[in-house]
Ligand code: PA5
Ligand code: NI
């Protein structure tokens, strides 16, 4: 039913947004896409030399977001998905930059959609732990916990996310000090390893 063209205030309108049920791809006006390539990830992987020798144009991850109110507006919700490509820099899995929310006490939900990966979490005391992410898994990220996704599989890894419109993304702490542990392949399996490597 497409009644969105009518001007009657009582008309039943089409929704502004739809998601493809299989992929959770967002479709509609106002959906934004941001992509990160290897060249955008300077200093984030343990082996910077190995990263520099790889194709700088290789896609590492992309994020679709729907932000119906201005960023910073209290009380709103943003919705999106992230797809991390399969790959490694030496033995470290492709991952997102990772961030903590600028505003404390703004939590977030992630859920697994496709592929498999790991959600790396770090608290304010720099204690890091990780949760396995798979289609159907649900992850509550507390408001003061830094978060990063890594693709530990062989196919693109997609998650959905819902976060507060005033949460903000603070990348400074992670860019400066990283997480206290990294997800690396050890003996063919993903392992969370403490330290800089
Ligand atoms: O809001 C979130 O936590 C996600 O949408 C992330 O922003 C997304 O996964 C990309 O990660 P990052 O922002 O750390 O580059
Ligand atoms: Ni977040």
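Numbering (the numbering used here), first residue to last: 22 to 218. Ideal Cβ positions, reconstructed from N, Cα and C, are used throughout, including at glycine.
Item	Value
Would you check if the distance between the CB atom of residue 139 and the CB atom of residue 152 is smaller than 9 Å?	yes
Please work out which residues of its chain come closer than 7 Å, Cβ to Cβ, to residue 80, disregarding the five sequence neighbours upstream and downstream, and give them in chain order.	56, 58, 106
Which full runs of the alpha helix (DSSP H) of 4+ residues lie inside the segment 39-86, going along the chain?	69-74
Who are residue 167's beta bridge partners in DSSP?	143
May I ask whether a heavy atom of the ligand NI can be found less than 8 Å away from the beta carbon of residue 184?	yes
Let me check understanding here. Comparing Cα to Cα, which of 110, 95, 98 lies closest to residue 15?	Coverage of the chain is limited to positions 22 through 218, which leaves residue 15 absent and any answer about it impossible.
Which residue or residues does DSSP assign as beta-bridge partners of residue 212?	205
For residue 194, name the three-state secondary structure that DSSP assigns.	helix
Using a threshold of 9 Å, state whether the C-beta atoms of residue 186 and residue 49 are closer than that.	no
Among 183, 156, 216, which residue has its Cα nearest to the Cα of residue 176?	156
From the DSSP output, read off the bridge partner residues of residue 153.	139
Between which two residues does the beta strand (DSSP E) harbouring residue 176 extend?	Looking at the DSSP string, residue 176 is not in any beta strand (DSSP E), and its letter there is neither H nor E.
Does residue 119 pass the burial test, meaning 16 or more other C-beta atoms within 10 Å, or should it be called exposed?	buried
Can you round the beta-carbon distance between residue 133 and residue 154 to whole angstroms, since I take them to be within the 8 Å contact cut?	4 Å
For residue 100, which residues of its own chain have a beta-carbon under 6 Å away from its beta-carbon, when the five flanking residues on both sides are left out?	87, 183
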